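Contents: one structure, followed by commentary.
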Amino acid sequence: MSVSHPRVLAAQALSGIVHDGVSLRAAFASFSTKLSDARDRALLSALLHAGARWWLRFAVALEGLLERPLHEREAQVHALLVLGLVQLEILHLPEYAAVAATVDAARDLRRPAFAGLVNALLRRWLRERDARNAALDTDIATRTAHPRWLIASISADWPSDADAILAADNEQAPLWLRVNRRRVTRAELAARFAAENIAAQAPAALPQALVLEQSLDVTRLPGYAEGLFSVQDGAAQFAAGLIDARAGMRVLDACAAPGGKAAHILETADVDLLALDRDRQRLPRMHENFARLGLRAEARVGDASDPSAWWDGRRFERILLDAPCSATGIIRRQPDVKLHRRASDIATLAGTQDRLLESLWPLLAPGGRLVYATCAVLAAENSACIGAFLARHADAAATPVTIGWRAAGAGVQNLPGEGGMDGFFYAIVEKRA
Ligand SMILES: C[S@@+](CC[C@H](N)C(=O)[O-])C[C@H]1O[C@@H](n2cnc3c(N)ncnc32)[C@H](O)[C@@H]1O
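Right, here's the structure in full:
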């Protein structure tokens, strides 16, 4: 197979991500099956992540290099050219290899007529890169490769942290694992990793967490098949502690798939847990995760905003609402969020979050606790949403969240990259007895 092959697939996949709204995760899942070599799959992953992360910079750079815009039917050639720039500027691949392989990829895309253009544009970029990079850096949108509406929203909500958030969004996230304490201790698992020369940090604030600096295929790590650990960002690992579920409690995880936080709660206490999710296609992953980790819960399909369709009338002592959100806290892991989210999505999501809170509140037992979580950084989905909920419900009281994050209204916020973790919001609301 030619060295251009991962680049051909990357151009096809990136074009689908940018123009057809395909998620990066889905694009990688389907295109990586066409590559048998692990190094080629790693290159495809690197190209897609960097391509999506930096699209809004290098698509503009390309406009400046092209005398005439490419016809829109040449979306794959366009993506290939952006990927050429990304290989030179972000992945720092050797210039000769990056240019030659990208030219070959144009031929392998059955666009041989563009091979000369690809060669000429990438070589021109190399001659003029300093001045062109400097020009791109004068505009915050091309400097940070974020859409303007999102820069404005982040700047409005976090005026003194906006630059740090935008920069952190473009970093690669470390690999966080959560140790399954029912099967192994953190020290034992770290020792098994060390025996295979895999270095892992054990952060003090999270007793089940291990952090790996290198990105790896986790299914090949020792203990994966035995269910000794799961992949879960550190920020998400606070949820189980905040829920504070005790043995025998009835717990609802209202938006549970693929079951990361539900599994953590089950690892922590012997509870009667209902793991609900609206998306039928996400249920098998949840079943697989519970089975691999040796955990038991009732997992079922249901719309949390319509309990009459699935609730048996018995109240829950704990409810986790890990709400559908803009995912603006996890852009470093899912850079396609920058390409797929629209400004108008935020009000729609805030409406959904309000509805979910309203629908679930009657299901909480007096004296019970609801934990509200999002992987978003925007106030409309977080502090404003919870503030408005508390104002509407005299029987709801906010409980302080004491995990060392910054206060955000009645809850707390971690900003992307802080503590090496994702951007996340938590609030605890208790129902007066
Ligand atoms: C942030 S993800 C949940 C992640 C999960 N808690 C975990 O830790 O692995 C949000 C989930 O909410 C689900 N969802 C969205 N709207 C829902 C609704 N109305 N009822 C139930 N689930 C919903 C989505 O299908 C998605 O799986």
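Residues in the sequence shown are numbered consecutively from 585, following the working numbering. A virtual CB, placed ideally from N, CA and C, is assigned to each residue, including glycine. Please read these numbers as outputs of a predicted model, since none were measured by experiment.
#1: Quick check on ASP920: does DSSP put it in helix, strand or coil?
#2: In angstroms, rounded to a whole number, what distance separates the CA positions of TRP739 and ILE749?
#3: Taking 8 Å as the cut-off, is the CB of SER739 close to at least one heavy atom of ligand 1?
#4: On the DSSP bridge list, what partners appear for ILE1012?
#5: Please classify TYR1010 as buried or exposed, where buried requires at least 16 neighbouring CB atoms within 10 angstroms.
#6: Do you know whose CA, among ILE930, ALA786, ARG762, lies nearest THR912's CA?
#7: Please determine whether the Cβ atom of ALA685 lies at a distance below 8 Å from any heavy atom of ligand 3.
#8: Flag this pair as yes or no: are the beta carbons of LEU836 and LEU940 separated by less than 9 Å?
#9: Just checking my contact of ALA829 with ALA853 at CB under 8 Å: how many whole Å lie between their CB atoms?
#10: Could you pull the DSSP bridge partners for PHE813 from this structure?
#11: Are LEU640 and ALA729 closer than 9 Å when you measure CB to CB?
#12: Please name the residue, chosen from LEU619, ASP621, SER744, ALA630, that lies closest to LEU608 on a Cα-to-Cα basis.
#13: From TRP733 to ALA927, what distance separates their C-alpha atoms?
#14: Could you check the C-alpha separation between MET585 and GLN660 for me, to the nearest Å?
#15: ALA576 to CYS969, Cα distance in whole Å?
#16: With a 10 Å radius around its C-beta and 16 neighbouring C-beta atoms as the bar for buried, classify ASP753 as buried or exposed.
#17: Give me the Cα-Cα distance between ILE987 and ARG765, rounded to the nearest whole angstrom.
#18: In chain order, which beta strand (DSSP E) runs of at least 3 residues are fully inside the stretch 853 to 883?
#19: Ignore the nearest five residues each way along the sequence and tell me which others in GLU965's own chain have a CB closer than 8 Å to its CB.
#20: Is there at least one non-hydrogen atom of ligand 1 closer than 8 Å to the beta-carbon of LEU860?
#21: Return the chain-ordered list of same chain residues with a C-beta closer than 8 Å to the C-beta of ARG869, the five sequence neighbours on each side being excluded.
#22: If you draw a straight line from the C-alpha of VAL985 to the C-alpha of LYS845, how long is it?
#23: Taking just the CA atoms, how far does GLY648 sit from ALA725?
#24: Just verifying my parser: in three-state terms, what is the DSSP assignment at ILE915?
#25: Could you work out which residue in ASP856, CYS839, HIS848, PHE822 is closest to MET833 when comparing CA atoms only?
#26: According to DSSP, what are the bridge partners of ILE903?
#27: Under the criterion of a Cβ to heavy atom distance below 8 Å, does GLY913 qualify as lining ligand 1?
#28: What does DSSP give as the partner residues of GLN785 in its beta bridges?
#29: Whole angstroms is fine: what's the gap from SER889's alpha carbon to ILE601's?
#30: Return yes when at least one heavy atom of ligand 1 lies under 8 Å from the C-beta of PRO842, else no.
#31: How should TRP894 be labelled, buried or exposed, when 16 other C-beta atoms within 10 angstroms of its C-beta is the threshold for buried?
#32: For ALA846, is the beta carbon positioned less than 8 Å from some heavy atom of ligand 1?
With the given structure in hand:
#1: coil
#2: Position check: residue 739 holds Ser in this sequence, whereas Trp was assumed. SER739 and ILE749: Cα-Cα distance of roughly 9 Å.
#3: no
#4: VAL955, THR983
#5: buried
#6: ILE930
#7: Here the bound small molecules are ligand 1; ligand 3 is not part of this structure.
#8: no
#9: 5 Å
#10: VAL763
#11: yes
#12: ALA630
#13: 6 Å
#14: Any reading at MET585 must be qualified, since the residue scores a pLDDT of 48, below 50, and its modelled position is unreliable; the value itself is stated next. Their backbone Cα atoms lie some 20 Å apart in a straight line.
#15: There is simply no residue 576 to check, as the chain begins at 585 and stops at 1017 in what is shown.
#16: buried
#17: 21 Å
#18: 856 to 861
#19: ALA907, CYS909, SER910, ILE930, LEU933, ALA934, GLN937, THR958, PHE1009
#20: yes
#21: ALA841, PRO842, GLY843
#22: 17 Å
#23: 15 Å
#24: coil
#25: ASP856
#26: LEU836, LEU954
#27: no
#28: VAL795
#29: 30 Å
#30: yes
#31: exposed
#32: yes
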